[in-house]
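Under our numbering, residues 2 to 113 are what the sequence shown spells out, in order. Glycine residues also receive a C-beta, built at the ideal position from the N, C-alpha and C atoms.
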Amino acid sequence: LLTHESVFTNIAIIDTNTKDFQANQIYIFGACRVNGLRLIGIRSTDGQGLTIDAPNSTVSGITGMVDPSRINVANLAEEGLGNIRANSFGYDSAAIKLRIHKLSKTLDSGAL
């Protein structure tokens with residue numbers, strides 16, 4: 002996104018980096034506000050690329066399997082990255098795992 006001082010709501014990015022190139026996956030230029038960034042099928046970047054590179058923007062509501070070490074934003078406006086994974090289901094119960102802190106490297110840092 003090459004824009005300046007804009008507000009975006011509920012952006013969905015589906016299946017990037019199919020060629021596994023060395024580059025940032027999502028780049029937001031300018032001082033923007035992103036409320037809700039859903040990442041579906043994002044492939045891991047190699048050693049030099051970031052998943053989200055928004056050095057002048059405020060981003061909130063990131064969902065998807067995103068490695069926190071691959072995020073560069075000016076302000077992450079929330080307490081956690083909001084990732085939950087259901088591990089098993091029963092007729093009247095479920096087991097889920099979640100990321101309890103935005104800087105946790107694993108989604109399985111907490112369980113209920």
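Residue nearest to residue 50 in terms of C-alpha spacing, selected from 12, 67, 5: 67
Burial state of residue 90, where buried means 16 or more other Cβ atoms lie within 10 Å: Note that residue 90 has pLDDT 49, beneath the 50 cutoff, so the model's placement of it is unreliable and the number below is only indicative. With fewer than 16 Cβ atoms within 10 Å of its Cβ, residue 90 is classed as exposed.
Residue 70 (DSSP reduced to helix, strand or coil): helix
Given residue 37 as reference, the closest of 69, 59, 5 once Cα atoms are compared: 59
Close-in-space but distant-in-sequence residues of the same chain around residue 7 (CB under 8 Å, 5 per side omitted): 31, 33, 34
Environment of residue 10 [buried if 16+ CB atoms lie within 10 Å]: exposed
Close Cβ partners of residue 14 (< 8 Å) along its chain, the five nearest in sequence each way excluded: 26, 27, 38, 39, 40, 41, 43
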